[in-house]
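Colleague: With my numbering, the residue at position 142 of the sequence shown is 142, and numbering never jumps.
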Amino acid sequence: MGRIIAIANQKGGVGKTTTSINLSACLAEVGQKVLVVDIDPQGNTTSGFGLAKTGNERTVYEVILKECDIRDAIIANVIDNLDILPSNVNLAGAEIDLIDVENREYTLKDSITQVKDRYDYIILDCPPSLSMLTVNAMTAANTVLVPIQCEYYALEGLTQLIHTINLVKKKLNPELELEGVVFTMYDSRTNLSLQVVENVKDNLKQNIYKTIIPRNIRLAEAPSHGLPINLYDPKSSGAESYRLLAEEVMGK
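Here it is in structure tokens:
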């Protein structure tokens with residue numbers, strides 16, 4: 001039965017999509033069967049695997065609104081062992097479309113339940129907001145993995161996010177746990193990166209992954225080629241880091 005991990009942070013630009021793409025690809029690389037669900041209207045995880053954001057008639061939007069079966073919307077074997085439920089800009093309207101829907105917080109969970117036995121891991125890439133889409137992801141998930149950029153305001157957003165996780169746990173999904181925090185965009189040349197890591201460790205008794213994702217030019221280039229880092233540049237420090245993170249995730 002699949003372990004469902006929501007990758008969430010309401011701040012944009014913290015490496016959420018980068019982590020969704022590359023953690024998923026590194027899990028698939030070692031033989032795990034993975035489903036990636038792109039729940040971000042920007043659709044960057046979809047395009048990061050080389051899929052077009054337009055032209056897909058069946059996406060996560062249709063699945064959430066129960067207009068199509070999740071099994072018909074999943075694109076199989078985008079890379080070896082990895083399937084994708086794609087997204088596109090229509091998803092931006094889902095908030096409004098769901099207003100009148102009964103049990104709207106569970107609509108994604110209902111669909112994922114139908115396929116979760118097929119996968120070892122289901123990775124949900126959330127939008128950069130604490131919206132109904134993010135709540136849907138957290139209601140469907142077992143755990144939440146939080147990427148944090150090594151910058152000054154990192155802790156501010158984290159407190160709000162943990163409050164939301166606790167709220168979802170209390171009201172909608174009692175099984176939900178914080179998977180852990182992973183530091184991204186770490187620059188070993190700056191004292192600030194080190195201070196942020198120490199600061200979060202002091203303030204957060206929660207699980208913090210040992211693997212720290214560095215600032216890496218190859219990581220930034222990979223999505224424009226529609227490839228995860230382990231296929232774009234297998235020997236880069238970014239690829240090595242995400243392989244280590246995948247090992248840690250599997251070790252839990």
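Heads up, the beta-carbon is just placed ideally off N, CA and C, and yes, glycines get one too.
It should be emphasised that the depicted structure is a prediction, and the values quoted were computed from it without experimental measurement.
Based on the DSSP secondary-structure assignment, which residues constitute the bridge partners of G180?
Modeller: DSSP output for G180 lists L145 as bridge partner(s).
Colleague: For a minimum of 3 consecutive residues, which ranges assigned as the beta strand (DSSP E) are wholly contained in the stretch 9-95?
Modeller: List check, beta strand (DSSP E) in window: 34-38, 75-79 and 82-85.
Colleague: For P214, which residues does DSSP report across the bridge?
Modeller: According to DSSP, P214 bridges with Y186.
Colleague: So the candidates are P234, G93, V60 and P147; which of them puts its Cα closest to the Cα of I212?
Modeller: Closest option to I212, Cα to Cα, is P147.
Colleague: Rank Q149, Q160 and K201 by C-alpha distance to the C-alpha of M185 and give the top, closest one.
Modeller: Considering only alpha carbons, the answer is Q149.
Colleague: So, for E62: in the same chain, excluding its five sequence neighbours on each side, which residues have a beta-carbon less than 7 Å away from its beta-carbon?
Modeller: The residues are C68 and A73.
Colleague: Can you give the Cα-Cα distance for N207 and G180, rounded to whole angstroms?
Modeller: Roughly 5 Å separates the two Cα atoms.
Colleague: Touch check for the stretch 50-66 and the stretch 16-32: three-plus C-beta pairs under 8 Å?
Modeller: No contact exists between the stretch 50-66 and the stretch 16-32.
Colleague: By DSSP's criteria, D110 is part of a beta bridge. Which residues make up the other side?
Modeller: For D110, which the question treats as bridged, DSSP gives no partner whatsoever.
Colleague: Suppose you measure from the CA of S237 to the CA of T190; what does that come to, to the nearest Å?
Modeller: Each residue's Cα considered, the two are about 18 Å apart.
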